[in-house]
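Visitor:
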Amino acid sequence: MNFKRDKKEEESGEASNPFGNLEKTTVLQEARAFNDSVINPRKCTMILSKVLYLLNQGEVFGTTEATETFFAITKLFQSKDPILRRMVYLGIKELSHIAEDVIIVTSSLTKDMTGKEDLYRGAAIRALCTITDASMLQALERYLKQAIVDKLPHVSSAALVRSYHLTSGSGELIKRWVSEVQEALNSDNVMVQYHALGVLYHIRKADRLAVTKLVSRLTKSHMKSPFAVSLLIRIAAKLVDEEEKPLDSPFFDFLESCLRHKSELVIFEAAHAIINLKNVTAREINPAVSVLQLFCSSPKPALRFAAVRTLNKVAISHPTSVTNCNVDLENLITDSNRSIATLAITTLLKTGAESSIDRLMKQIASFVSEISDEFKVVVVQAIKSLCLKFPRKHATLMSFLSALLRDEGGLDYKAAIADTIITIIEENPEAKETGLAHLSEFIEDCEHTVLAVRILNLLGKEGPKTKQPSKYIRYIYNRVILEQAPVRAAAVSALAQFAAHCPNLLPNILVLLMRCQMDSDDEVRDRATLYFQLLSSGDRALTNQFILNNLQQSVLALEKALGSYLQGPTDAPFDIKTVALASVTSDELKPTVATPGILKTKPAEPKKAPVKEVSFLDEVSNIPDLARLQLGGLFKTCTKQPLTESETEYVVTSTKHVFSQHLVLQFHVQNTLPDQLLENVKVQLDVPDGFRQVAVVAIPKLPYGTPANAYCVLAWPEDLEVASGATIGATLKFIVKDCDPDTGVPDSDEGYDDEYVLEDVDVNLSDHIFGVTRSNFAAAWEEITTEREETYALSNANTIPEAVKNIVDFLGLHPCDRSDRVPEGKSSHAVALAGVFRGGIEILARAKLVLSDGVNLQLTVRAQDELVAELITASVG
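Shown next, in the form of structure tokens:
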């Protein structure tokens, strides 16, 4: 067969795939040629190639098809053509997992494995071990042990590799081959030595002492195989990481000695291992960095790539150690290999000084246009970290990013740039005006709907807070005229936010919203009508609630609650306060769209907690003793609390589920004793004064290794102070029946009562509060007038960041407007906090902290209930 390409094809530079348009049915029909009385080796080789190609492309072969093809392939054993025979072994290996009765070919493979044709022996071993099960492996043990020590390297390597794979299912049998593997370890062939070490380590890896002895012996010998030495380096590095004082380990000295090895492969592996040790310091990695620095100027592209990629990783944890390599890295910016150039750029961005940023940006400008979007995203992410490191250089970096926005590129690339600009805006208030201006110009020509919606959301949130908010109205309204329906809807929402924030813009925006009510899309019209009516009413409270501040409830929980309300015959109005609230993470503070995953940003997680809450309500409905209580909507699920040590015979954890009128304690119980069956397992509580126990749900049977849940339900006391500072004692009570550890069947029907004392369950103030975010904290603050204020000297914090963290954790409120981020060097700071108290009572707090002989706190709390405000200020004191 002639594989030479035509002249036209060579000129076009396009490589054709001769198997590109294969069909399984056609290939299976061609495979009938395997049954011909006279075999055509070249034809059969090509057909086998097609079968293997389809299998490796993921084509699904049915059992019957695979079996027929498999047995047709076995007819080819009569051919003496070496190429065809090697293809036969490959075909047997690939089809053996699908076809039936493949064991029938064992005798032919065994004959080839032990035959005189050395060319077939290695391939026959690989195929035979693939189709052999554990019961038949013992019959072949003698042949495989002989193959391991065979003089031919390819036969020995084949046997060793198959032994390595067989250790997972027949480990005890392979352990008996240690002496043969040890002998192969002394082979002069580099691959045999490498494979032998891999098998030997796999056999002994469960025994740390045996591995230590193996490594100690081999580090003192001089192994000829660079591959084996590289594997030995990896094993030694793992042992170093497991030691208490890794730097005092003799194996660490071995790693350092390998930096002077004659093989470049070994040198790099040693440098890579040292750099990736867990507790290594900058002083220990400097020799490895020096080696990588030399590799940066190597004529071999693979070495340059390996070195710069490793330095790129080191720059994250030890940037000062990589700074000495900056000159060599700058030389790699013009490397013909764009992967190397990209890594060099990103490493320089992580390690460069503030004074070198302008020069770096000029070098990158000429370089970025020549690389793919995938590499451009890597560069942009490196620029993001540089922006956070040197905030004063935001003008230069923002200008560079805006130029990139105007270039051609896909969604991922443009989203990465936009995400970087948004991060700069949020982290650096001085860059807000510049960043919003660049994003406003970008959406004029943005062809990605998801990205345009995200930017419009950001403009609606941040634009009204700028010095001249009116200049953004033109960009937003242009989207209403020119864009698709999702973008128009986002633009209408952004306009409403401007009107709610800026009273001087209200008359003009009402005119624009009136025009939007004639839009062709239902959602755009509905949004415009709603916002027009709200803004026209002049009711500030309604405007704040429906325009400036986002929905606090979980969408999933709200959907479920509305479905239940519509199904039930009731005349009472729907109460949204009974719906579970949505959890807030720090990522939620970033402006997001409905599908953030498309933008390759870190997906926000507010929906995870509601899913758990909804599933717990489903669980409650399936337990009659809990369902009859009609607990209502779940307010909050608290963090799991261990009540026993993890090594004890009974492992118990507690989870608090907070409802408006009740506290449900869920006890997750696991029996770790195989010779015991527990029955009627329940938790007896030492109920504090004021609480009232209304239900106890026991576990009927708790066998070994099968955890289950017990429940206790308490009614909240009327005194909020008692409810927010209680300690509940708990004792696990059960009936023990001795049983057979293997079957779990009790020895007798009679058991004996037993109990196990558990840790106390603490009920804190934060259990009653669900942290929420307020996109417009100032507007929400003005709505609530009930206020309490106290001043404290904090004894549990020495710095302002530590005090902020302690306050947030203790109160359970959530920081708004990123106010929990304390700038370096500040001696005073203010934090805005928001949340909801059990029962739907909204809470807002302002914490002003001053550093003076400790940390002093002035806490101002506003709540819809005066008792709640008093409770919070009293609890802090």
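Position 649 (the sequence shown) corresponds to 649 in full-length UniProt numbering; numbering is contiguous.
Beta carbons: idealized from backbone N, C-alpha and C, even for Gly.
Predicted, not measured: the structure shown is a model, and the values here were computed from it.
In angstroms with no decimal places, state the Cα-to-Cα distance between Glu-65 and Ala-99.
Guide: Their Cα atoms are separated by approximately 8 Å.
Visitor: Give me whichever residues DSSP pairs with Asn-856 in a beta bridge.
Guide: Per DSSP, Ala-793, Val-850.
Visitor: From Glu-721 to Gln-858, what does the alpha carbon distance come to, in whole angstroms?
Guide: Roughly 21 Å between the two C-alpha positions.
Visitor: If you reduce the DSSP assignment to three classes, tell me which class Asp-373 lands in.
Guide: DSSP places Asp-373 in helix when its eight states are reduced to three.
Visitor: Is Leu-232 helix, strand or coil when you go by DSSP?
Guide: Helix at Leu-232.
Visitor: Does the segment 173–188 come close enough to the segment 144–151 to have 3 or more Cβ pairs within less than 8 Å?
Guide: Yes, since at least three Cβ pairs between the segment 173–188 and the segment 144–151 fall closer than 8 Å, the two stretches touch.
Visitor: For Ala-477 versus Leu-512, is the C-beta spacing smaller than 8 Å?
Guide: In the sequence on display, residue 477 carries Tyr and not Ala. Going by C-beta atoms, Tyr-477 is nearer than 8 Å to Leu-512.
Visitor: Expressed to the nearest angstrom, what Euclidean distance is found between the alpha-carbon atoms of Leu-405 and Glu-645?
Guide: So the alpha carbons of these two residues sit roughly 55 Å apart.
Visitor: Cα separation between Leu-871 and Ile-316?
Guide: Straight-line Cα distance between these residues: approximately 45 Å.
Visitor: Quick one: Cα of Leu-566 to Cα of Ala-572, how far?
Guide: If you take the alpha carbons of Leu-566 and Ala-572, they lie about 11 Å apart.
Visitor: What separation, rounded to the nearest whole angstrom, lies between the Cα atoms of Asn-544 and Leu-495?
Guide: Their Cα atoms are separated by approximately 14 Å.
Visitor: Can you tell me which of Leu-765, Leu-851, Ala-830, Glu-790 puts its alpha carbon nearest to the alpha carbon of Phe-810?
Guide: Of the candidates Leu-765, Leu-851, Ala-830, Glu-790, the one whose C-alpha sits nearest the C-alpha of Phe-810 is Leu-765.
Visitor: By a C-beta neighbour count over all protein chains shown, 10 Å radius and 16 as the cutoff for buried, is Thr-799 buried or exposed?
Guide: Burial call: exposed.
Visitor: Per DSSP, which one or two residues make a beta bridge with Phe-837?
Guide: Phe-837 is bridged to Ile-769, Ile-841.
Visitor: Based on DSSP bridge pairs, tell me the residues matched to His-657.
Guide: In DSSP, His-657 forms a bridge with Thr-637, Val-664.
Visitor: Do the CB positions of Gly-862 and Glu-790 come within less than 8 Å of each other?
Guide: Here residue 862 is Arg; the residue named in the question, Gly, does not match the sequence. No, the pair does not count as a contact, with Cβ atoms beyond the cut-off.
Visitor: Is the segment 668–675 in contact with the segment 703–716, if contact means three or more CB pairs nearer than 8 Å?
Guide: With the cut-off at 8 Å, the segment 668–675 and the segment 703–716 touch.
Visitor: Who are Ile-728's beta bridge partners in DSSP?
Guide: Answer is Val-761, bridged to Ile-728.
Visitor: Determine the extent of the alpha helix (DSSP H) in which Lys-50 is found, giving its start and end residues.
Guide: Unbroken alpha helix (DSSP H) run through Lys-50: 41–56.
Visitor: Suppose the cutoff is 7 Å on Cβ atoms and the five residues either side in sequence are ignored; what does the same chain contact list for Pro-464 look like?
Guide: Same-chain partners within the cutoff: Gln-497, Phe-498, His-501, Cys-502.
Visitor: Does the distance from the CB of Ser-819 to the CB of Ala-803 come in under 8 Å?
Guide: Not a contact, by the Cβ cut-off of 8 Å.
Visitor: Would you list the one or two residues that DSSP bridges to Lys-701?
Guide: Its beta-bridge partners are Glu-679.
Visitor: Please name the residue in Val-713, Arg-479, Gly-840 whose C-alpha comes closest to that of Phe-770.
Guide: Ranking the options by Cα distance to Phe-770, first place goes to Gly-840.
Visitor: What residues match up with Ala-832 in a beta bridge as DSSP calls it?
Guide: Its beta-bridge partners are Arg-846.
Visitor: For the structure I just gave you, are there three or more beta carbon pairs, one from the segment 686–700 and one from the segment 746–755, closer than 8 Å?
Guide: Taking 8 Å as the limit for Cβ pairs, the verdict is that the segment 746–755 does not touch the segment 686–700.
Visitor: Applying the 10 Å Cβ sphere with the 16-neighbour rule, what's the burial state of Thr-25?
Guide: It counts as exposed.
Visitor: Return the chain-ordered list of same chain residues with a C-beta closer than 7 Å to the C-beta of Val-611, the five sequence neighbours on each side being excluded.
Guide: At Val-611 the pLDDT is 43, less than 50, meaning the model places this residue with poor confidence and gives no usable figure here.
Visitor: With a threshold of 6 Å on Cβ separation, who are the neighbours of Lys-636 within its own chain once the five nearest residues in sequence on each side are excluded?
Guide: These residues qualify, in order along the chain: Val-658, Phe-770.
Visitor: Which word fits residue 879, buried or exposed, when buried means at least 16 other C-beta atoms lie within 10 angstroms of its C-beta?
Guide: This structure does not reach residue 879, given that the chain is present from 1 up to 877, and the question cannot be answered.
Visitor: Roughly how many whole angstroms lie between the Cα atoms of Glu-483 and Ile-473?
Guide: Roughly 15 Å between the two C-alpha positions.
Visitor: Quick one: what does DSSP say Lys-608 is sitting in, helix, strand or coil?
Guide: With a pLDDT of only 39 at Lys-608, under 50, the local geometry of the prediction cannot be trusted, and the value read off the model is given with reservation. Here Lys-608 sits in helix by DSSP.
Visitor: Compute the Euclidean distance between the alpha carbons of Leu-851 and Glu-782, then round it to the nearest angstrom.
Guide: Their Cα atoms are separated by approximately 28 Å.
Visitor: Taking Ser-79 as the reference, give the member of Ser-470, Asn-504, Ala-779, Tyr-120 with the closest Cα.
Guide: Comparing Cα-Cα distances from Ser-79 to each of Ser-470, Asn-504, Ala-779, Tyr-120, the minimum goes to Tyr-120.
Visitor: Drop a sphere of 10 angstroms on the beta-carbon of Arg-260, count the other beta-carbons inside from all chains shown, and report buried for 16 or more, exposed for fewer.
Guide: So Arg-260 counts as exposed.
Visitor: Only counting the same chain, and skipping five residues up and downstream in sequence, which positions put a Cβ closer than 6 Å to that of Val-229?
Guide: Contacts found: Met-223, Val-266.
Visitor: With a threshold of 8 Å, are at least 3 pairs of Cβ atoms found where one atom belongs to the segment 284–298 and the other to the segment 320–335?
Guide: Taking 8 Å as the limit for Cβ pairs, the verdict is that the segment 320–335 does touch the segment 284–298.
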